[in-house]
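In this note's numbering, the protein residues as written are 15 to 265.
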């Protein structure tokens, strides 16, 4: 399977590593050239441009930070190149942004699938991400063999924008759970209560979420270096969630 990957930041690099270990031909492009070195050393080919990356592949994965970054990359590509290509957008963007990008691709006879992911670097490297696809059913079925390499149980949610909606809903939960747990943990610590005693009660309750234990040690050590999901990205996603909620009339 010939795959191109545009965007080799934290998640893009982890995803690229997994695809290479599975024996696939991978062509990569990143606007910051220094971020392609690690994957190149593992066997990926470097495209000279985003357009070249799309030309060289059966499937083009976009793992970029936001809609502005996606559109900036698409601006570099001759629209005719999209014809009969499958573009799979994997970042977290708003539903209306995804639908606008879908129109941009399909108006030029290309195929668009949004497929945002839930999970972090370990899951990307192991191919166990949770995938929420939105787009035409035929495009989803065509891409499904690739999606099954990336994630353990890909789900087709509906049309373009609906996968993006689920992803924003999930990331809002990440923000809420993380901030709530941090506040509760800080209160317990300030009172001098043993952390493990608190955690035993949490784990035995209906309030427990596995993410609490994943984050516990870092919170206790105040170790916020090298995050799997930087705060700036979560803040961006939270703003998107609030914007979409307002557009839909939620209060």
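Glycine residues also receive a C-beta, built at the ideal position from the N, C-alpha and C atoms.
Please classify residue i: does DSSP put it in a helix, a strand, or coil?
i           : result
residue 288 : The chain is shown only over 15 to 265; residue 288 falls outside these bounds and no answer can be derived.
residue 264 : coil
residue 222 : coil
residue 73  : strand
Let me confirm a value: residue i is counted as buried when at least 16 other C-beta atoms fall within 10 Å, else exposed. Which label applies?
i           : result
residue 222 : exposed
residue 209 : exposed
residue 151 : exposed
residue 99  : buried
residue 89  : exposed
residue 231 : exposed
residue 125 : buried
residue 71  : buried
Where residue i and residue j are concerned, what is the direct C-alpha to C-alpha distance, given to the nearest angstrom?
i           : j           : result
residue 235 : residue 136 : 21 Å
residue 264 : residue 218 : 33 Å
residue 121 : residue 112 : 14 Å
residue 241 : residue 95  : 36 Å
residue 260 : residue 253 : 11 Å
residue 249 : residue 213 : 27 Å
residue 60  : residue 141 : 22 Å
residue 9   : residue 57  : Limits of the chain in this structure are 15 at one end and 265 at the other, which puts residue 9 out of reach.
residue 165 : residue 130 : 11 Å
residue 183 : residue 26  : 22 Å
residue 91  : residue 62  : 12 Å
residue 225 : residue 93  : 42 Å
residue 229 : residue 123 : 44 Å
residue 175 : residue 128 : 8 Å
Could you round the C-beta distance between residue i and residue j to whole angstroms and report it? I think they count as a contact, below 8 Å.
i           : j           : result
residue 69  : residue 39  : With 8 Å as the limit, residue 69 and residue 39 do not qualify as a contact, their Cβ atoms being about 14 Å apart.
residue 148 : residue 177 : 3 Å
### Task
At 4 residues or longer, and completely inside the segment 130–207: list those alpha helix (DSSP H) runs for me, N to C.
Taking only runs of at least 4 residues, the alpha helix (DSSP H) segments lying wholly in the segment 130–207 are 135–140, 151–164 and 176–204.
#### Entry: Secondary structure, beta strand (DSSP E): runs of 3+ residues fully inside the segment 19–61
Listed in chain order, the complete beta strand (DSSP E) runs (minimum 3 residues) inside the segment 19–61 are 39–43.
### Query
Which runs of the alpha helix (DSSP H) fall wholly inside the segment 81–124 and span at least 4 residues, in chain order?
Counting only runs of 4 or more, we get 81–88 and 109–120.
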